[in-house]
Amino acid sequence: MLFQILLKIYTYTSLSLSITTQGSATMQTLDESNKPPFSAEEIRILGSLMEKQLTTPTNYPLTINSLMLACNQKTSREPIMNLKEGEVGHIARSLIEFGWIVMQNSGRAQRVEHKVQRQLNLTPQQQAVLAVLMLRRPQTLNELKLRTERMAEFTQTEQIRTILETWLSAEPPLVMKLPPQAGQREERYYHTLGRETFELLQAEANAARSQETPELQPSHVELLVKRLDELEQRINQLEELVTNG
């Protein structure tokens, strides 16, 4: 069943996607000319731009150098990458013709701006959720609630669930639901915009079969995640001060 779902998702470029989102916003149609599925590097660039637009709006759009630093952050990124400035610039420019990125001349430096919110007609809350999914591995509802705090305000996890359920009901879906990871009870969610989705899920399935992990109480897991995110937020703030200093 899971393989059939994945196969359906990976026909993304030949199918249209029409999603009715919260309020009156309607997700626009994605077809072959709109480019997905993206490479892991393209996902990282778009996700980083989406995040920085919401967390540091005064420094957005980003220069190529700032975008490279955002892509290569040691926190809030899974996996960690080591992209070069020239590589980031080349990939960003390749996305211009598909309408996912625009570049502006600002003084001596070019600045990069994403258009994901226009392509998918996202609200700021939806953009925050999708950015976290693009920058990390599959996430639970509680993880999404914690990790979107600096980007958008959610008073309860049900608001995030509503967004995800809407995306799940699309044809094909923008996200997929995964079983709980070893030691957890919550189901997880992951975006379907990237080429690496199938490989990631296959690797997770193999890892789950090859090892047994002692079960932790949900309260312990949530406490550890919360503490880790608090530390990551502090490190992010320091990194931004260094980057923008």
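For the sequence shown, the UniProt record's numbering assigns the number 1 to the initial residue and increments by one for each residue that follows.
Just so it is clear, CB atoms sit at the ideal spot from N, CA and C, and this is done for glycine as well.
Computed from a prediction, not measured in an experiment: that's the story for all the values here.
Could you compute how far the alpha carbon of residue 43 sits from the alpha carbon of residue 232?
Position 43 of the sequence shown, counting from 1, holds the residue named residue 43. Position 232 of the sequence shown, counting from 1, holds the residue named residue 232. Going by the C-alpha atoms only, they are around 21 Å apart.
Since residue 178 is in the beta strand (DSSP E), which residue starts that stretch and which ends it?
Position 178 of the sequence shown, counted from the first residue, corresponds to residue 178. Per DSSP, residue 178 belongs to the beta strand (DSSP E) from 175 to 178.
I'd like the span of the beta strand (DSSP E) that includes residue 109, first residue to last.
Along the sequence shown, read from residue 1 onward, the residue named residue 109 stands at position 109. Segment 109 to 114, the beta strand (DSSP E) holding residue 109.
Does the count of Cβ pairs from the stretch 45 to 64 and the stretch 130 to 144 closer than 8 Å reach three?
yes
Could you tell me which residues DSSP puts in a beta bridge with residue 148?
Counting from one through the sequence shown, the residue named residue 148 turns up at place 148. Bridge partners of residue 148: none, in fact.
Between the Cα of residue 185 and those of 140, 163, 121, spot the shortest distance and give me the residue it belongs to.
Your numbering for residue 185 matches position 185 in the sequence shown. Cα-wise, what sits closest to residue 185 is 140.
By how many angstroms is the C-alpha of residue 86 removed from the C-alpha of residue 126?
Residue numbering aside, residue 126 sits at position 126 when the sequence shown is read from its first letter. Residue numbering aside, residue 86 sits at position 86 when the sequence shown is read from its first letter. So the alpha carbons of these two residues sit roughly 30 Å apart.
By the 10 Å Cβ neighbour count, where 16 or more other Cβ atoms means buried, how is residue 143 classified, buried or exposed?
As a position in the sequence shown, residue 143 is number 143, starting the count at 1. Buried is the call here.
Give every residue of the same chain whose Cβ lies closer than 7 Å to the Cβ of residue 61, excluding the five residues on either side of it in the sequence, and list them in chain order.
As a first step, residue 61 is located in the sequence shown; it is residue number 61 there, counting from the start. If we look at residue 61 and ignore the five residues flanking it on each side, its Cβ neighbours are 104, 111, 112, 113.
My output table needs one value for residue 50: the three-state DSSP class, helix, strand or coil.
The sequence position of residue 50 within the sequence shown is 50, counting from 1. DSSP places residue 50 in helix when its eight states are reduced to three.
Closest Cβ-Cβ distance between residue 122 and chain D: below 7 Å?
As a matter of chain content, chain D is missing from the structure shown, which is built from one protein chain.
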